[in-house]
Amino acid sequence: MYGVDKNKLKLGCKNLNKNYMLNTLPQAKNAEQIITNTKKFYDMKKFNAFTILLMLFFMAAPLLLNAQVPENGLVFDGDDDYVNISTSSGDELNPDTTITLETWVYLNEAPSGTHTPYLIARLNCYSLTIDNNGHVKMFLRNDEGDWSEPTGSTTIVPNRWYHLAATYDGANARVYLNGNEEGSSVASDTMARTMLNMRLGSLDIFANANNLNGMMDEVRIWDIARSRDDIRSTMNRTIPGTTAGLVGYWRFDESSGTLADDETTYGNNGTLTNMSTPSAWLTSTAPIGDYSQTVESLDITEIPECDVDVDFRAFPETPGPEHTLSAMQVNQFPNSSTGLYPDRASMYWQIWSEDIDFDGNFTADVRFHYDDIGGLPTESSLDLFRRDDVNDTWSPATGYTVVSNDGGASSTTDGIGYIELTITETTAGGFSGQYIISWTNLPPVVDDIPDQSVAEGSAFATINLDDYVDDPDNLDSEITWTVTGETDVTVTITDRVATITADNPEWNGTDMVTFTAEDPEGETDSDEVTFEVTPVNDPPVVGDIPNDTVPEGTAFATINLDNFVTDIDNDITTMIWTATGQSDLTVDITDRVATITVIDTNWNGSDTITFQAEDPDGGTDSDPVTFTVTPVNDPPVVDVIPNQTINEGESFTPIILDDYVSDIDNADSTITWTASLEGGVSVDITDRVATITVNDPEWNGSDLIRFTAKDPDGLQDSADVVFYVNGVNDLPMVEDIPDQTIAEGQSFSQISLDDFVSDADDPDSALTWTVTGQSNLTAEITDRVATITIDDAEWNGSDTLIFTATDTSGAFDTDTTILTVMAVNDPPTLNKAIPDTTAVAEEAFSFILDPNTFADIDPGDSLVLSASMSMGGSTPAWITFDAASREFSGTPADGDKGMVEVIVTAT
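So this is what it looks like as structure tokens:
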């Protein structure tokens, strides 16, 4: 055994690394034992050095063992917490064409439109996030600036662990939730590159809105695109930092400090920012197994101190290279449950082989221990289910044995029960299995459902049948209920709630009903319930007494109340009648005959009177009757409607006509209004609101409108209203004066300013024009025509001129125009004459032009010099001209004597 100090306890053995593999070694001659321990992920931390030493003490054979390190996670407050990863030299975190992002996450709150947590984010490059609908999402940007955004469909809810992953393979971007592909989008090109720092738990540019409120664990970045099977194979277990393709791996297993170690060799360690330590480090409950176990033996014995949860009895059937078989317990129910009863699953195990070169049969006995399964009815009820990876379904496993007591010695128990399964691998690296330990069905138990007794006419209480059944194997929602034995009552069961109704509302007596609960496997239990109805007096029944309507001044008909009542228990002459609810009428009941009288002979409207019959035993029934008096029509009365005065350009106040009419017979809503028109204004009446609009916005004066109100019977009344508009001055309106652009040496067009102004009150000739803003131009306005001249004929550039039109009342408006002169190239000029010079035969000759011989007024122009004969043709052979140095040179022969006239040209 050896130890490694990395600020946390790690005990290990040679050839066992952080793959946490269950390695099976060649069979030892003396059946030497190599044993390690895997407990449930939340119990693993109890396995400590003391236990290891104790095991070594009891075992004479060689022992190889891995101890569990702390399984922590990192807590983020959702405000400003994040882990910063400096990427100044971390190009490995910015791959070109393929990438995989993975993490476990636990939310404290659901995402929303104002708070969407980013989990892994590199600004303007890629990120793994949860959108405002709670769906897993990836943002991926290519080097052309295009974004791909594959999004999942399953809602991620708070208070539960989820595994999120995103991949890009150079053609498609995909997102995964708990190992299942959730969405994809087409993507292409090389990924964008950035040297911006990377963050875990937030996005670089938005505070609060994108910070995670929850917990993260096992963050991984790969420079390869992992498949679904790749993701599933490692999502529930830790891996070595040296795994191929892994470029960033933060386990968050530190328990203090502000540094999150990168487990890869790249060393991109993260720095906790705005996070309180050590409280930010918290024990993780993410379903991640760590340090699987390795065992080689044909005759293994139990070690009570270890409380082993699973062990392998594995060995090659024939000699061959070393091979591995691994197992890990994941105490989170699998995503797929087809073929299972989810409430029965107790332990979920994943078993896999990672030997890429194994080429022979392999047999291993796997022991799944169940001594710590709570609520297990009996050992004989245990079942083992195996997952079909191709069809994503579960079915009962075969070839296993249930052992209720292995006979191991222990001071506290009689042994540890287990299920033993033999696994055979027949294809190289081809075995992957997932198993569920469950148990067989037990029947439901129906408790005593209380009897019920109600009085005749009353309803029985509904029965929530879930309250009276217990089933150790099934949910209440899986129980089917039936009833038998009912004679005078009917029982209806909906959503496991029983409603009991007497068939005849006048019936009294008892009925015996049997309720039976049946589980999905057909097991049943029953309970008999008695329903009793006790007799009671039946009240009288008052029939429909007809409503009555009379015109104003006419009497209502009397009502013989005996004609409108029945009573199965009493004579109708024994009924006592009362009337209530009248306000504008009086009611007199004599010998069960009702006389109705109007209090005010001018009243019209309706009164509702309730007539009640009471039998000698106090039973009652009643009927409301409406009595209506129709009115004699009176015309509406229109009050004075105030005149209105506004200034030109303002609006009249709408008139709510209901405020100016009264009608004792009709509601305001029944009045119809009309208005006469004079021409200056228009009137629109909608929902008895009059809107007055001036026909011409430049109009001023007065207009008289007559408003007439007419009731439904055609009677009417009117009122006259005068609307005044005071005249006001209108501003001139200057339209867009066009910009002009000319070349240097050209002239700007004159501007006829009348073409760009309008004024409702003044003619164009009455307007005064001014211009400002010119600096390199001169603008003159004569008879409202603007002439623009250039101050310097060599100037080029732009001047912005502001033209202002002012009317006779001093109101004005402005417009801006830009006048631009484009530069024109000027040819170079001879700045000083080139003097004649003389060369001597047979002697070297040199003549350099003065650098100021030529000039060019255009800034930035460079001159190119050339030489030619004045009469045409090139210079004599003995003369050479270097344009760069401006030098004539050469050695004339004796035969070259004479005059040579050369022209130097500057371009």
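Everything in the sequence shown is counted per my numbering, starting at 217 for the first residue and increasing by one. The beta carbon of each residue, even a glycine, is placed where N, CA and C say it ideally should be.
The Cβ atoms of residue 497 and residue 470 sit closer than 8 Å to each other.
If you look at residue 1098, you'll find it in the beta strand (DSSP E) that goes 1096-1098.
Every unbroken stretch of the alpha helix (DSSP H) spanning 4 or more residues and falling wholly within the segment 374-456 is given here in chain order: 444-450. Under the three-state reduction of DSSP, residue 716 is assigned to strand. Note: residue 352 is bridge-paired with 346 in the DSSP secondary-structure output.
Annotation for residue 844: the continuous beta strand (DSSP E) segment containing it runs 836-846. Nearest C-alpha to residue 914 among 859, 975, 616, 900: 975. At the C-beta level, residue 969 and residue 989 stay beyond 8 Å of one another. Look at the beta carbons and you see the segment 1024-1039 touching the segment 942-954: at least three pairs across the two are nearer than 8 Å. A straight line joining the alpha-carbon of residue 341 with that of residue 364 spans about 11 Å. Nearest neighbour of residue 467 by Cα position, chosen from 392, 350, 321, turns out to be 321. Pairing residue 1067 with residue 991, the inter-Cα distance amounts to about 36 Å.
The way I'd put it, the segment 1055-1071 does touch the segment 1100-1110; three or more beta-carbon pairs between them come closer than 8 Å.
DSSP assignment within the segment 901-949 yields the following whole beta strand (DSSP E) runs of 3 residues or more, N-terminal first: 905-910, 917-926, 932-942. Within 10 angstroms of the beta-carbon of residue 996 lie fewer than 16 other beta-carbons, which makes it exposed. Between residue 612 and residue 735, the CB-CB gap reaches or exceeds 8 Å.
Here residue 332 really is in contact with residue 426; their C-beta atoms are around 6 Å apart, less than 8 Å. Residue pairing by DSSP places residue 1001 opposite 968, 998 in a beta bridge.
For residue 808, there is no enclosing beta strand (DSSP E), since its DSSP letter is neither H nor E. A distance below 8 Å separates the beta carbons of residue 678 and residue 713. Taking one beta carbon from each stretch, the segment 820-828 and the segment 741-748 have fewer than 3 pairs nearer than 8 Å; the two do not touch. Under the three-state reduction of DSSP output, residue 801 falls in the strand class. If you draw a straight line from the Cα of residue 927 to the Cα of residue 817, it comes to about 23 Å. Counting the other CB atoms within 10 Å of its CB gives residue 312 a total below 16, which places it among the exposed residues.
Rounded to the nearest angstrom, the Cβ distance from residue 730 to residue 759 is 42 Å, too far for a contact under 8 Å. Annotated as proximal: residue 923 and residue 857, with beta-carbon spacing under 8 Å.
Just measuring C-alpha positions, the residue of 464, 444, 450 sitting nearest residue 438 is 464. Contact between residue 502 and residue 420 fails: their C-beta atoms lie close to 26 Å from each other, not under 8 Å. In this structure, DSSP gives residue 780 a helical state, which the three-state scheme calls helix. About 5 Å separates the beta carbon of residue 1094 from that of residue 1108, a gap short enough to meet the 8 Å contact definition. Residues of the same chain with a CB within less than 7 Å of the CB of residue 727, apart from the 5 flanking positions on each side, are 702, 703, 704, 705, 747 in chain order. Within the same chain, and ignoring the five residues on either side of residue 782 in sequence, the residues whose Cβ sits closer than 6 Å to its Cβ are 757. Around the beta-carbon of residue 435, 16 or more other beta-carbon atoms lie within 10 Å, marking it buried.
Between the alpha carbons of residue 1084 and residue 1032 lies a distance of about 54 Å. Boundaries for residue 752: no beta strand (DSSP E) harbours it, and the DSSP string shows neither H nor E there. Straight-line spacing of the CA atoms in residue 475 and residue 354 works out to 27 Å.
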